[in-house]
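Numbering (the working numbering), first residue to last: 148 to 643.
Quick reminder that beta carbons are idealized off the backbone N, C-alpha and C, glycines included.
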Ligand code: BG6
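This is the structure in structure tokens:
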């Protein structure tokens, strides 16, 4: 988790593609403008066909489309553009282009090199083989693999083996950008630097935990990726299970990569595997159909991707999961994610148990359990909901209040570093604390594969839900069946 690094070379494979345009380049530009991407660094974007015009005009155009704030400062933009080169490069066979890339990288033998594979996993093997053949895998080189790593345990293993022939585990950085979010890192700080929470953090006091990543966007423009991937592989196998690990893991001996990753792995190994009937009962799978977002009609999944045939790909999943260990026995973890929901937010809600005994007859029916809410986006925020006496009323009148803990340190001039930049800088520094170990990826797939296999065997299509709603009724049912409720349905949205 290092902010200042030495000058480096970053090669983005798939450098003119979607991830690079939407996330990586805007993040790098903001880091450059804020002075955390050191001068002398070089950003090499590989592309099959190169660029038609100059790099600065292209950057200006993509920033206007993705991050309008980035294009405002002309001087910073042209200085940044001077760092960026686009290189034509095929990823299946070596040749002249690879000689060119090698010569460019060897011209700065002191620079750490980060090879960021922002390409489909099907190209990871050939790209890593070529990096090895051209000697671009030496000690100063690291490789970043974007999620999802493969589409099943089997394919993830094959990728890990293939990449492992060229790069050692200490050079391999499996990225999950949720781990780079400020609030996610804060979760570790909060849990392991305050006795207050840790003492209460178990099934003795906690009733259940909800983790939601809601998105209002659909999947337009992502046909190649999304169809056949779906929400379970795209969001649950990685982001949601990583959040679950950070919430549920035991305190690591040290806040270092190996200790953190070992503890997360133990959580994944303790996830109760779901089978047949349990999947039917505990997993809700759905796809959005035409609906309305903020009063405007919007199309369904099939229309967004121009599909002619109906598709079985899910855009919404809700799961009730259990962790089988001492700390969490009997505590359900409700995980949920979906596209085209009414709002965009990510939050973790820790719901505590009710008090064991209500000492006032009038309180009995009027007590809400305590809730601790960790909001990851759109803003970082923590809130604790508790019961207090109603001001100036008699002692039996209670009300629920929200104690807001503003975690953004407005006083400090600290540069706000977005998740991708944070993780790229950590890669340069060789710090793997916020990256996923191969064993974690494989155990997460093992758990998810059972669900996918069951869906495939059953042949049932996903349930429909209209765009602009909170998913199908069955997701609501998953909670009410247990006499619980999704936090957002209580109309108690956290106020910042
Ligand atoms: C990506 C998924 O990993 O995360 C996308 O592939 C999703 O489908 C995105 O939209 C969400 O990220 P964030 O940071 O915008 O919540």
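Inset, instruction - Would you check whether ligand 1 has a heavy atom nearer than 7 Å to the C-beta of residue 493? - result: Residue mapping note: residue 493 aligns to position 346 of the chain shown, counting from 1. Within the cutoff, so yes.
Legend entry - Per-residue DSSP class, three states only, for residue 415: As a first step, residue 415 must be located in the chain shown, where it is residue number 268. Reduced to three states, the DSSP call for residue 415 is helix.
Legend entry - Beta-carbon gap between residue 435 and residue 460 smaller than 8 Å: Taking the chain shown and counting its residues from 1, one reaches residue 435 at position 288. Taking the chain shown and counting its residues from 1, one reaches residue 460 at position 313. No; because the gap between Cβ atoms is not below 8 Å, this pair is not in contact.
Legend entry - Inter-residue Cα distance where the pair is residue 239 and residue 250: Translated into positions along the chain shown, residue 239 becomes position 92. Translated into positions along the chain shown, residue 250 becomes position 103. Approximately 19 Å, taken between the alpha carbons.
Inset, instruction - Would you check whether ligand 1 has a heavy atom nearer than 7 Å to the C-beta of residue 232? - result: The residue labelled residue 232 in the question sits at position 85 within the chain shown. For ligand 1, not one heavy atom lies less than 7 Å from the Cβ of residue 232.
Inset, instruction - Answer yes or no: the CB of residue 571 versus the heavy atoms of ligand 1, is any distance below 7 Å? - result: Here the question's residue 571 lines up with position 424 in the chain shown. The answer is no for residue 571.
Legend entry - Inter-residue spacing [alpha-carbon to alpha-carbon] between residue 515 and residue 629: Residue 515 sits at position 368 when you count from the first residue of the chain shown. Residue 629 sits at position 482 when you count from the first residue of the chain shown. Roughly 16 Å separates the two Cα atoms.
Inset, instruction - Would you check if the region 593-603 and the region 446-454 touch, i.e. whether three or more CB-CB distances between them fall below 8 Å? - result: no
Legend entry - beta strand (DSSP E) segment containing residue 335, residue limits: One-based indexing of the chain shown puts residue 335 at position 188. Premise fails: residue 335 lies in the alpha helix (DSSP H), 329-340, not in any beta strand (DSSP E).
Legend entry - Distance, residue 404 Cα to residue 496 Cα: On the chain shown, residue 496 is found 349 positions in, with the first residue counted as 1. On the chain shown, residue 404 is found 257 positions in, with the first residue counted as 1. So the alpha carbons of these two residues sit roughly 26 Å apart.
Legend entry - Residue from 211, 184, 257 and 180 with nearest C-alpha to residue 152: Within the chain shown, the letter at position 5 stands for residue 152. Out of 211, 184, 257 and 180, 184 has the C-alpha closest to the C-alpha of residue 152.
Legend entry - contact_flag[the region 543-551, the region 154-166] where n(CB pairs < 8 Å) is 3 or more: no
Legend entry - Proximity below 8 Å, CB of residue 193 to CB of residue 260: Reading the chain shown from its first residue, position 46 is the one you call residue 193. Reading the chain shown from its first residue, position 113 is the one you call residue 260. Not closer than 8 Å, so no.
Inset, instruction - Check whether the Cβ atoms of residue 366 and residue 320 sit closer than 8 Å, and answer yes or no. - result: On the chain shown, residue 366 is found 219 positions in, with the first residue counted as 1. On the chain shown, residue 320 is found 173 positions in, with the first residue counted as 1. The answer is no: Cβ separation not under 8 Å.
Inset, instruction - Could you check the C-alpha separation between residue 530 and residue 553 for me, to the nearest Å? - result: In the chain shown, residue 530 corresponds to position 383, counting from 1. In the chain shown, residue 553 corresponds to position 406, counting from 1. Approximately 8 Å between the Cα atoms of the pair.
Legend entry - Test item: CB-CB of residue 174 and residue 223 under 8 Å: Numbered from its first residue, the chain shown carries residue 174 at position 27. Numbered from its first residue, the chain shown carries residue 223 at position 76. No, Cβ-Cβ distance for residue 174 and residue 223 is not below 8 Å.
Legend entry - Cβ pair count under 8 Å reaching 3, the region 576-583 against the region 592-599: no
Inset, instruction - Return the chain-ordered list of same chain residues with a C-beta closer than 7 Å to the C-beta of residue 471, the five sequence neighbours on each side being excluded. - result: Along the chain shown, read from residue 1 onward, the residue named residue 471 stands at position 324. For residue 471, where only same-chain residues beyond five positions count, the Cβ hits under 7 Å are 417 and 419.
Inset, instruction - Might you give, ordered along the chain, the residues of its own chain that have their beta carbon closer than 6 Å to the beta carbon of residue 551, omitting 5 neighbours on each side? - result: Indexing the chain shown from 1 puts residue 551 at position 404. Excluding positions up to five away in sequence, the list reads 530.
Legend entry - Where the beta strand (DSSP E) containing residue 234 begins and where it ends: Reading the chain shown from its first residue, position 87 is the one you call residue 234. Run containing residue 234: 231-235, per the beta strand (DSSP E) assignment.
Inset, instruction - Return the CA-CA distance between residue 718 and residue 355, expressed in angstroms with no decimal places. - result: The structure shown does not extend to residue 718, since the chain is modelled only from 148 through 643, so no value can be given for it.
Inset, instruction - Following the continuous beta strand (DSSP E) through residue 359, name the residue where it begins and the one where it ends. - result: The residue labelled residue 359 in the question sits at position 212 within the chain shown. Looking at the DSSP string, the run of the beta strand (DSSP E) that includes residue 359 is 353-361.
Inset, instruction - For residue 506, name the three-state secondary structure that DSSP assigns. - result: Residue numbering aside, residue 506 sits at position 359 when the chain shown is read from its first letter. In the structure shown, residue 506 sits in coil (DSSP, three-state: anything other than H, G, I, E or B).
Inset, instruction - Kindly list the residues whose CB is nearer than 6 Å to the CB of residue 214, restricted to its own chain and excluding five residues on each side of it in sequence; keep chain order. - result: The residue labelled residue 214 in the question sits at position 67 within the chain shown. Result list for residue 214: 173, in chain order.
Inset, instruction - Compute the Euclidean distance between the alpha carbons of residue 446 and residue 375, then round it to the nearest angstrom. - result: Numbered from its first residue, the chain shown carries residue 446 at position 299. Numbered from its first residue, the chain shown carries residue 375 at position 228. Residue 446 and residue 375: Cα-Cα distance of roughly 19 Å.
Inset, instruction - Verify whether the separation of the beta carbon atoms of residue 623 and residue 607 is less than 8 Å. - result: Taking the chain shown and counting its residues from 1, one reaches residue 623 at position 476. Taking the chain shown and counting its residues from 1, one reaches residue 607 at position 460. Not a contact, by the Cβ cut-off of 8 Å.
Inset, instruction - Taking the CB atoms as reference points, tell me whether residue 271 and residue 292 lie closer together than 8 Å. - result: For the purposes of this step, residue 271 is taken as the residue at position 124 of the chain shown. For the purposes of this step, residue 292 is taken as the residue at position 145 of the chain shown. Yes; because the gap between Cβ atoms is below 8 Å, this pair is in contact.
Inset, instruction - Taking 8 Å as the cut-off, decide whether the C-beta atoms of residue 485 and residue 361 are in contact. - result: Working through the chain shown from its first residue, we reach residue 485 at position 338. Working through the chain shown from its first residue, we reach residue 361 at position 214. Yes; because the gap between Cβ atoms is below 8 Å, this pair is in contact.
Legend entry - Within 8 Å, strictly: CB atoms of residue 386 and residue 481: In the chain shown, counting from the first residue as 1, residue 386 sits at position 239. In the chain shown, counting from the first residue as 1, residue 481 sits at position 334. No, the Cβ-Cβ distance between residue 386 and residue 481 is not below 8 Å.
Inset, instruction - Look up residue 528 in the DSSP assignment and give the residues it is bridged to. - result: Position 381 of the chain shown, counting from 1, holds the residue named residue 528. Beta-bridge pairing links residue 528 to 522.
Inset, instruction - Pick out whichever of 210, 231, 488 and 357 has its Cα sitting closest to the Cα of residue 201. - result: Within the chain shown, residue 201 is the residue found at index 54, counting from 1. The shortest Cα separation from residue 201 among 210, 231, 488 and 357 belongs to 231.
Legend entry - 6 Å CB neighbourhood of residue 483 in its chain, flanking five on each side removed: Your numbering for residue 483 matches position 336 in the chain shown. So the qualifying residues of the chain are 359 and 465.
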